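**Q**
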């Protein structure tokens, strides 16, 4: 049993643990004692001398952060002598400190500034003129401004004692001035820094801080400090599953991912990787290959997540979902798990939507999607294929209380230029769908695809695999602004596809009733006006023809909305819904996914479907709770250890199918990671989620007794 002590602080009697310091028990009792070198997570050293107190019966003035409580202690924290000592200690710190608080990024968030205010200290009485040290912005992620350092040692202690890295220490310059840096003043990367951000988090001044633009403003602390999780539309706990991957616990990693999405394996192949775009590791060298890790986890999953997965008691509510794409099936999955009876209607002979008939098989194998659809059916979702719904009334008449429209954007768009209706002119979605369903597609030997997104490249690469000898892509954007993923572009170029940038299209030309080519003009610049109307500046006299016998439009998609739905639509034929409830202008009719947002990504469709499922469950009178804990609880160690050359560890590449094999089949191109590479890649994570676990320091204004 912990020994207790009865003490008195400023006439307040407290009954506390003997193992604690005077400062600790005072702060816990909401009594403020000035301090700066103290941090609740760090070992105390009493260096700043601001937390000094008087104890009755003792002639010594002691630092409260290093003095343990004893039974019967009578302590004073505010006397004239203590205030004088504190002011002197603070003035000595300020002697070497720059006098430009208002220019500091930590202005109004600085512990030193708060202490100056609390103690009423002059910032210039003992100030010395020292040579200014240049602000160091050369390190990734962090700014080091030694002119603002008060040598409190917090950063040294957190790096050494909490993180176990120990790259920071006290150094002395030629003038004898103590400062904090790496040994030999090495760059952080060369010294072995792991860029966890703990030193930034505990720094009480602006001496160590995040570079501007690294984090998004306006978010709560945890979301800000874990950008990969924040940027994932579905909110997957990225650091948690990466840590499981590092430890070789692949099923546990998959359970983490499964808590938020029912298509983890598919996402491991084709997710647009918003998490990687946000990954702080990319500022050090390259982002962690999170999508590849997700895929490896899925490929090595033993189904551990199923042990904790549950379905709520059945309700008497029935939902009809129109469209068996990722949005429709995700909503169906969570609604069925909430106890509702769910039927999904799909006009095509197969479920999966764009996952099965839009995204090519060399990027996303069909067996992957089919297995995940089986998991969705296992929770009670009924899927009716070859069933096109033309009117919502027929579903209402069949007794469905709620209808969710999730039809996606599966209708291609043709530019309104002469010749767009010629034979030999195709649309992206129709072309890819026919190929996916095994239908014969009449395509020539000389193909041009108009558009610069992933769908355009899918069309081009599919044409190449169907035997077209020459395949070209032409688009409005310059190469650096193309919306297609970097991998898609690289692989297409490897396969011999030619890309034309900065072009606009005047007309499709024909010869003897057949497509002959596309007349193009060079674009000097383009943008959008205040009405979001495209404005193009053309290079005069730049007209030329790109020869082709087949033209595929891949310039956009829109919903194929039956007239009988009688729903309000907006720009691009998308459905207008309440942003919070996803309900349309018809009571009991909801809409979700690309049919609402316009063509987006699979993970965005899944995220919106989760929200719609919550809204529909609430519509039925439920709590709208779809959250599950499928993975084991984990409390990550705050110690991450030192690792030589950590900053220089390169991103592990995934394997690729050789080019000859690619062009002769629809076999998957990306071969993923092997186990050694997967674990090595997971080791590259900066473990950003550890930073918000450090205790946030309270300012004196937050204490009730000052």
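In our numbering, the protein residues as written are 925 to 1630. We put the CB at the ideal spot given by N, CA and C, even for glycine. The model shown is predicted, which means the values in this text are computed figures rather than measured ones.
(1) Quick check: what's the CA-CA separation for residue 1481 versus residue 1283?
(2) Might you give, ordered along the chain, the residues of its own chain that have their beta carbon closer than 6 angstroms to the beta carbon of residue 1265, omitting 5 neighbours on each side?
(3) Contact defined as beta carbons within less than 8 angstroms: I believe residue 999 pairs with residue 985. What is the distance between those atoms, to the nearest angstrom?
(4) Does the Cβ-Cβ distance between residue 1337 and residue 1476 come in under 8 angstroms?
(5) Residues in the same chain with beta-carbon distance under 7 angstroms from residue 1159, minus the five sequence neighbours each way, listed in chain order, please.
(6) Can you give the Cα-Cα distance for residue 941 and residue 926, rounded to whole angstroms?
(7) Pick out whichever of 1435, 1273, 1156 and 1487 has its Cα sitting closest to the Cα of residue 1529.
(8) Opposite residue 1060 in the DSSP bridges: which residues?
(9) Considering only their Cβ atoms, is the gap separating residue 1269 from residue 1341 smaller than 8 angstroms?
(10) Given that a residue counts as buried once 16 or more other Cβ atoms are within 10 Å of its Cβ, and exposed if not, what is residue 1240?
(11) I need the straight-line Cα distance from residue 1583 to residue 1551, nearest angstrom please.
(12) Can you tell me whether DSSP reads residue 1381 as helix, strand or coil?
(13) Using only CA atoms, which one of 1275, 1308, 1463 and 1232 lies nearest to residue 1250?
(14) Excluding the 5 residues preceding and the 5 following residue 1367 in the sequence, name in chain order all residues of the same chain whose CB lies nearer than 7 angstroms to its CB.
(15) What residue does the beta strand (DSSP E) around residue 1002 start on, and which one ends it?
(16) Can you tell me whether residue 1190 is buried or exposed, with buried defined as 16 or more other CB within 10 angstroms of its CB?
(17) The alpha helix (DSSP H) spanning residue 1300 covers which residue range?
(18) Give the DSSP bridge partners of residue 1482, in chain order.
(19) Grouping DSSP H, G and I as helix and E and B as strand, with all else coil, what is residue 1497?
(20) Compute the distance between the beta-carbons of residue 1039 and residue 974, then report whether it is under 8 angstroms.
(21) Taking residue 1449 as part of the alpha helix (DSSP H), name the residues at either end of that continuous run.
(22) Pull up the distance between the alpha-carbon of residue 989 and that of residue 1080, whole angstroms please.
(23) Name the residue from 1136, 969, 970 and 994 whose alpha carbon lies nearest to the alpha carbon of residue 981.
(24) I think residue 1064 touches residue 1119, with their Cβ atoms under 8 angstroms apart; what is that distance to the nearest whole Å?
(25) Buried or exposed for residue 1006, please, with buried defined as at least 16 other CB atoms from any protein chain shown within 10 angstroms of its CB.
(26) Once the 5 residues before and after residue 1131 are set aside, which same chain residues still bring their CB inside 6 angstroms of it?
(27) Using only CA atoms, which one of 1044, 1202 and 1057 lies nearest to residue 1098?
(28) Do residue 1514 and the ligand MN come close, with the Cβ less than 7 angstroms from some heavy atom?
(29) Taking residue 1062 as the reference, give the member of 1207, 934 and 1008 with the closest Cα.
(30) With the cut-off set at 8 angstroms, would you say residue 1526 and residue 1195 are in Cβ contact?
(31) Pop quiz: residue 1277 and residue 1248 are said to be a contact at Cβ under 8 angstroms. What is the actual Cβ separation, rounded to whole angstroms?
(32) I'd like the span of the beta strand (DSSP E) that includes residue 1431, first residue to last.
(33) Should residue 1463 go down as buried or exposed, given a rule of 16 or more other Cβ atoms within 10 Å for buried?
(34) Please go through the stretch 1171-1219 and give each complete alpha helix (DSSP H) segment of 4 or more residues, from N-terminal end onward.
(35) When DSSP labels each residue in this structure, what does residue 1526 get in the three-state scheme?
(36) What is the residue span of the beta strand (DSSP E) that residue 1456 lies within?
**A** Put simply:
(1) 14 angstroms
(2) 1242
(3) So it is not a contact: roughly 11 angstroms between Cβ atoms.
(4) no
(5) 1153 and 1184
(6) 7 angstroms
(7) 1156
(8) 1068
(9) no
(10) exposed
(11) 43 angstroms
(12) helix
(13) 1275
(14) 1387, 1390, 1392 and 1474
(15) Per DSSP, residue 1002 belongs to no beta strand (DSSP E) and is neither H nor E.
(16) buried
(17) 1290-1302
(18) 1335
(19) helix
(20) yes
(21) It is not in any alpha helix (DSSP H) - residue 1449 instead sits in the beta strand (DSSP E) that spans 1438-1452.
(22) 18 angstroms
(23) 994
(24) 7 angstroms
(25) buried
(26) 1069, 1072 and 1073
(27) 1057
(28) In the structure on display, the ligand MN does not appear, and there are no ligands present to speak of.
(29) 1207
(30) yes
(31) 6 angstroms
(32) 1427-1435
(33) exposed
(34) 1174-1182, 1188-1194 and 1198-1202
(35) helix
(36) Element bounds for residue 1456: n/a, residue is neither H nor E.
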